[in-house]
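First up is the structure itself, then whatever we jot down about it.
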Amino acid sequence: MKLSRRNFLAGLGVATAGLLQKGGLRLRQEEDVVASAQCLFPLVFIHGIKGSVLSRPQGGVRWLTGWQAFGLASPDLSLPLQWHGVVQQSDGLVAQVPLRTVAWQDIYAPFLNWAATSNRPFRAFAYDWRRDNLENTEKSIQFLETVSQENGGVRIQVAAHSMGGLITFVALNRRPDLFHSVLFAGVPFRSTLSFLEDMHAGTATGFNRRILRPQVLFTFASPYSFFPTEPDAAGLVELNGDRIVHDWYSADDWARQKLGIFATSESDHVGAEQLEHLRRALDRAREFRDLLVFEKEGPIRYPPIAVLASDRHPTLSTAVRGGPVAVRGWDFHTATREPGDGRVEFAKAMPPEGVPYAVHKTAREHGELLNDPRQVAAILEQLCK
21 MKLSRRNFLA
31 GLGVATAGLL
41 QKGGLRLRQE
51 EDVVASAQCL
61 FPLVFIHGIK
71 GSVLSRPQGG
81 VRWLTGWQAF
91 GLASPDLSLP
101 LQWHGVVQQS
111 DGLVAQVPLR
121 TVAWQDIYAP
131 FLNWAATSNR
141 PFRAFAYDWR
151 RDNLENTEKS
161 IQFLETVSQE
171 NGGVRIQVAA
181 HSMGGLITFV
191 ALNRRPDLFH
201 SVLFAGVPFR
211 STLSFLEDMH
221 AGTATGFNRR
231 ILRPQVLFTF
241 ASPYSFFPTE
251 PDAAGLVELN
261 GDRIVHDWYS
271 ADDWARQKLG
281 IFATSESDHV
291 GAEQLEHLRR
301 ALDRAREFRD
311 LLVFEKEGPI
321 RYPPIAVLAS
331 DRHPTLSTAV
341 RGGPVAVRGW
351 DFHTATREPG
361 DGRVEFAKAM
371 PPEGVPYAVH
381 KTAREHGELL
391 NDPRQVAAIL
401 EQLCK
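Once you know that position 258 of the sequence shown is 278 in the working numbering, the rest is easy, because the numbers rise by one and skip nothing.
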């Protein structure tokens with residue numbers, strides 16, 4: 021989920037036009053899409069990174085409100101750097117529900133509205149997208165078990181977006197008995213470099229450049245699982261085009277290449293506690309990414325799988341050291357971009373080799389892939405046949 025200034029302003033224009041046309045009333049018209057009675061299996065939605073509301077247990081939303089998107093509030097979302105074995109310490113925030121809208125900008129609202137009225141059991145798995153994805157996977161399995169038990173032990177159809185698809189695939193490999201079918205939308209199965217720009221240069225959430233600045237993202241465990249595992253295919257190049265060999269799962273390599281917080285003005289003050297956190301987060305992320313494979317051995321028989329992806333938006337695949345528009349040493353805009361959805365390259369949104377799947381294309385960008393209820397309903401119905 022990426023709430024850019026451009027999308028935010030575009031949403032403002034649409035909302036303003038609606039106000040003028042409706043005499044001051046903001047009315048949202050959505051297509052009436054009715055699910056087929058043939059598909060009555062429970063449907064579970066698993067959102068992507070940044071895709072759920074985070075709040076304190078006693079109340080008070082920390083992510084994401086309109087005030088925060090306008091830059092009028094920037095609560096600290098940093099996770100504690102301390103780990104207890106393989107578990108990162110909690111800051112007490114709780115994932116509540118998937119994000120529907122922020123101000124006038126739709127996030128998952130069109131899909132959620134359709135799913136809630138689709139004449140079938142529907143549940144959404146909300147998780148803390150900042151935390152370790154191995155932990156998130158275990159919680160997703162527990163959630164799916166509960167949904168299955170509540171519906172007589174039947175298998176479940178899952179629609180998963182972005183990082184939620186990575187979690188879903190690992191859960192599928194571990195518990196194929198829970199799944200009827202899966203729709204993967206914009207999932208970086210074969211890695212992606214696009215989140216490096218967030219972690220290194222920082223990107224705006226609406227008009228807010230502080231709430232997810234690189235120093236905050238550094239404390240999260242989940243984003244590290246996006247990166248390639250092969251050092252000679254790291255996606256980093258010199259200005260002359262030569263490849264840079266880089267191990268994304270080595271804390272020493274992050275420091276050596278001056279990536280993320282190692283490139284900020286405070287980089288001389290990166291301490292032992294921060295390095296130890298990074299090592300642990302990278303170890304967990306590598307363990308998680310190593311599970312994103314086709315299971316050749318064992319009893320796994322993959323259920324019907326569909327992929328929803330776009331090749332209509334130039335997508336970052338290479339960062340150039342010392343390029344002409346470099347930010348703290350790295351240029352994310354000069355290198356040729358690949359066809360994708362703006363976050364994930366089309367070719368890398370495909371499941372591991374050996375996994376059977378059908379591909380459905382869309383012109384929508386990454387954060388809006390599921391926001392065409394008619395297309396999504398048709399795909400999910402086809403998976404039920």
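Where is the CB? At the ideal position from N, CA and C, for every residue including glycine.
Asked                                                                                                                              : Found
If you draw a straight line from the alpha carbon of Gly-112 to that of Ser-168, how long is it in whole angstroms?                : 28 Å
Compare the beta carbon distance of Ile-231 and Leu-97 with 8 Å and say whether it is the shorter of the two.                      : yes
Using only the alpha-carbon positions, how far apart do Val-290 and Ser-182 sit?                                                   : 31 Å
Since Leu-74 is in the alpha helix (DSSP H), which residue starts that stretch and which ends it?                                  : Unbroken run through Leu-74 is the beta strand (DSSP E), 72-75; no alpha helix (DSSP H).
Secondary structure at Asp-351, three-state DSSP: helix, strand or coil?                                                           : strand
What whole-angstrom Cβ distance do Gly-343 and Leu-279 have, given they're in contact under 8 Å?                                   : Rounded, the Cβ-Cβ distance is 14 Å, inconsistent with contact.
With DSSP run on the structure shown, which of helix, strand or coil describes Arg-341?                                            : strand
By Cβ distance, which residues of its chain are closer than 8 Å to Ile-399, with the 5 residues on each side in sequence left out? : Leu-203, Ala-326, Leu-328, His-380
Just list the residues that DSSP pairs Ala-205 with in beta bridges.                                                               : His-181, Leu-328
Taking the Cβ atom as the reference point for each residue, do His-353 and Glu-385 lie within a distance shorter than 8 Å?         : no
Looking at C-alpha atoms only, which residue of Gly-261, Arg-195, Asp-303 is the closest neighbour of Pro-243?                     : Asp-303
Note the first and the last residue of the continuous beta strand (DSSP E) segment covering Gly-255.                               : Segment: none, Gly-255 is in no beta strand (DSSP E) and carries neither H nor E.
So, does the region 234-252 touch the region 145-159, judging by three or more C-beta pairs under 8 Å?                             : yes
So Gln-395 is in the beta strand (DSSP E); what residue range does that whole segment cover?                                       : Counting along the chain, Gln-395 falls outside any beta strand (DSSP E), though it belongs to the alpha helix (DSSP H) covering 393-404.
I need the straight-line Cα distance from His-266 to Thr-137, nearest angstrom please.                                             : 48 Å
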